[in-house]
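*Asks:*
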Amino acid sequence: MTTPSAGPAAADALTSFTAHTRLLIVAPHPDDETIANGLLIQQVRAAGGEVGIVLLTDGDNNPWPQRWVERRLYIGADGRRRWGARRHAELLQAMQRLGVPAAALQQLHWPDLGVTSRLLSTHQAAVAALTSAITTFRPDIVVAPALGDRHPDHGSAHVLARLALARLPSAPGLLTYMVHGLQSDTPALRLEGSPGEQAAKRFALSAHHSQLVLSGGRVQRLSGRAERFFAVPRPLAAPDGGLPWRPPAALHPWLRLSLVDAAGAHTWRWREAPLRRGDAGGYQLSPPRGEPVASPRFARLSLALPSPWIFDHWGWCEV
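So for the sequence shown, our numbering puts the first residue at 101; every next one is plus one.
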C-alpha cells in the first residue's frame, strides 16, 4: 500500500512505478537495502521496473556478532575479510528473495565505519566512484540515507550522494531514508506494504543471519516500521544563518570541524576553524575560499576522542 503526500517531482515519480522505473539504492552496509527499502524494492519490481544497489562497505567491521558466531575474541584483517564475505553472501540471498538479480549489485568495498574518512581524505576519488556507479545504472530515482542519520557511514553516504548527483548534467530524483534516528519532516512517500510484501521483507531480512544473532529484536523493529522516504530538506541553519551547534567550551580542545563541497574537504581543530560569532551568539563558518561554489556544502562536527559509541552526536548539517 502506497500513501503519497505532497513532495517534489521525484516523490511524485516514486508513487507511480512503471516498467520504465529505474531505482538505485545507496546502501552503506549489507542489510540496509532490506531494512529501509524492502517494500520499495518489491513494488518497483512488481511494476516491472529495475532495481540497482550500490553497496559502499562490506560490513566487515562488525566485531561483536562475529565474536559470538565464530567463538573467538581476536579479529584481525583476515577475520574481517571473512566476515565481509559472509555478509556479502547474505546480501545476495536477501536480494534474490526480493527479486533482485546479483548482477544489479555494485560494490565499492570501502572500509566499514570508514565512509567519513574516505569522504574527508580522498574526497574527489570517493565522489567520482559514486558518480560512476550512478551513471553506470542510469537511474531515474535514487534513494540514499538521510543527512541526519546518526550512523556516521549513513550521514556521510548522504553527503557523497548529494555531491555525486550535483556532478550530473541531468540528475535523477533523490529521496532519503532514515535508519538510525528520527525524521520530523512529513515523508514524501510512506509504504506500509501488503501482508504478502511484509512477509517477503521479513523473509529477505532473515537472510542477514549474522545481524540477527545479537540484535535481532532491534533489527526486526527497524525493519517492521513503515518505510518512509523524504524529500531533501532546506539547509539546516541557526537563526542567524550559522551552524546549528553550540558545543560547550570544555570540549573545544577535542572538537573537529569539517567542511565539504564540490571543491574539496577541509578539517580544522575547533579553535583553528574560520569561525565567527553571529548576532544571536551562534557560530558562523567562513568558507576557506572566497568564491562561491555551485554545489551543496556540508559541515560536520565531531569529537576526536576514542569511544566505544559509534553513533554521531552532532554529525552533519547543510550550510
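Glycine included, each C-beta is placed from N, C-alpha and C at the ideal position.
From 326, 148, 343, 239, pick the residue whose C-alpha is nearest to that of residue 283; which is it?
*Replies:* For the purposes of this step, residue 283 is identified with residue 183 of the sequence shown, where counting begins at 1. The shortest Cα separation from residue 283 among 326, 148, 343, 239 belongs to 326.
*Asks:* Output needed for residue 180: all residues of its chain with C-beta closer than 6 Å, excluding positions within five of it in sequence on either side, in chain order.
*Replies:* As a working mapping, residue 180 is identified with position 80 in the sequence shown. Excluding residues within five positions, the ones whose Cβ falls inside 6 Å are 160.
*Asks:* Starting from residue 302, trace the alpha helix (DSSP H) in both directions and tell me its first and last residue.
*Replies:* One-based indexing of the sequence shown puts residue 302 at position 202. Note, residue 302: alpha helix (DSSP H), 295–305.
*Asks:* Kindly indicate which residue of 280, 296, 274, 295 has the alpha-carbon position closest to the one of residue 288.
*Replies:* Position 188 of the sequence shown holds residue 288. Selected option, being the one with the closest Cα: 274.
*Asks:* Taking C-beta to C-beta, are residue 138 and residue 198 nearer than 8 Å?
*Replies:* Counting from one through the sequence shown, the residue named residue 138 turns up at place 38. Counting from one through the sequence shown, the residue named residue 198 turns up at place 98. Taking 8 Å as the Cβ cut-off, residue 138 and residue 198 qualify as a contacting pair.
*Asks:* Quick one: residues in its chain with C-beta nearer than 6 Å to the C-beta of residue 210, no 5 flanking neighbours on either side, listed in chain order?
*Replies:* Here the question's residue 210 lines up with position 110 in the sequence shown. Once the five neighbours on either side are set aside, the close Cβ partners of residue 210 are 156, 157, 218.
*Asks:* Can you find at least 3 beta carbon pairs, one from the region 296–306 and one from the region 258–278, that sit closer than 8 Å?
*Replies:* With the cut-off at 8 Å, the region 296–306 and the region 258–278 do not touch.
*Asks:* Report buried or exposed for residue 133, applying the criterion of at least 16 other Cβ atoms within 10 angstroms of its Cβ.
*Replies:* Counting from one through the sequence shown, the residue named residue 133 turns up at place 33. Classification for residue 133: buried.
*Asks:* My understanding is that residue 126 touches residue 243, with C-beta atoms under 8 Å, so please give their C-beta distance in whole angstroms.
*Replies:* If you number the sequence shown from 1, residue 126 lands on position 26. If you number the sequence shown from 1, residue 243 lands on position 143. At roughly 7 Å, the Cβ-Cβ gap stays under 8 Å, so residue 126 and residue 243 are in contact.
*Asks:* Could you give the distance in angstroms between the alpha-carbon of residue 343 and the alpha-carbon of residue 248?
*Replies:* Reading the sequence shown from its first residue, position 243 is the one you call residue 343. Reading the sequence shown from its first residue, position 148 is the one you call residue 248. Answer to the nearest angstrom: the Cα atoms are 14 Å apart.
*Asks:* Measure the alpha-carbon distance for residue 310 versus residue 379 and round it to whole angstroms.
*Replies:* For the purposes of this step, residue 310 is identified with residue 210 of the sequence shown, where counting begins at 1. For the purposes of this step, residue 379 is identified with residue 279 of the sequence shown, where counting begins at 1. Approximately 51 Å between the Cα atoms of the pair.
*Asks:* In three-state DSSP terms, what is residue 247?
*Replies:* Here residue 247 corresponds to residue number 147 of the sequence shown, with the count starting at 1. Residue 247: coil per DSSP, three-state reduction.
*Asks:* Ignore the nearest five residues each way along the sequence and tell me which others in residue 186's own chain have a CB closer than 8 Å to its CB.
*Replies:* Along the sequence shown, one-based indexing puts residue 186 at 86. Answer for residue 186: 310, listed in chain order.
*Asks:* Is the distance from the Cβ of residue 384 to the Cβ of residue 376 below 8 Å?
*Replies:* Here residue 384 corresponds to residue number 284 of the sequence shown, with the count starting at 1. Here residue 376 corresponds to residue number 276 of the sequence shown, with the count starting at 1. Yes; because the gap between Cβ atoms is below 8 Å, this pair is in contact.
*Asks:* For residue 370, write down the residues that DSSP places opposite it in a beta bridge.
*Replies:* Position 270 of the sequence shown, counting from 1, holds the residue named residue 370. Per DSSP, none; premise fails for residue 370.
*Asks:* Going by DSSP, what residues sit across from residue 398 in a beta bridge?
*Replies:* Along the sequence shown, one-based indexing puts residue 398 at 298. DSSP, once it has assigned bridges, lists 360, 418 as partnering residue 398.
*Asks:* Helix, strand or coil, according to DSSP, for residue 376 in the structure here?
*Replies:* Here residue 376 refers to the residue found at position 276 of the sequence shown. Looking at residue 376 - three-state DSSP - the assignment turns out to be strand.
*Asks:* Per DSSP, what are the beta-bridge partners of residue 467 in this structure?
*Replies:* Residue 467 cannot be examined here, being either before or after the span of the chain that is shown, 101 to 419.
*Asks:* In the DSSP output, what is residue 327 paired with across the bridge?
*Replies:* Translated into positions along the sequence shown, residue 327 becomes position 227. In DSSP, residue 327 forms a bridge with 291.
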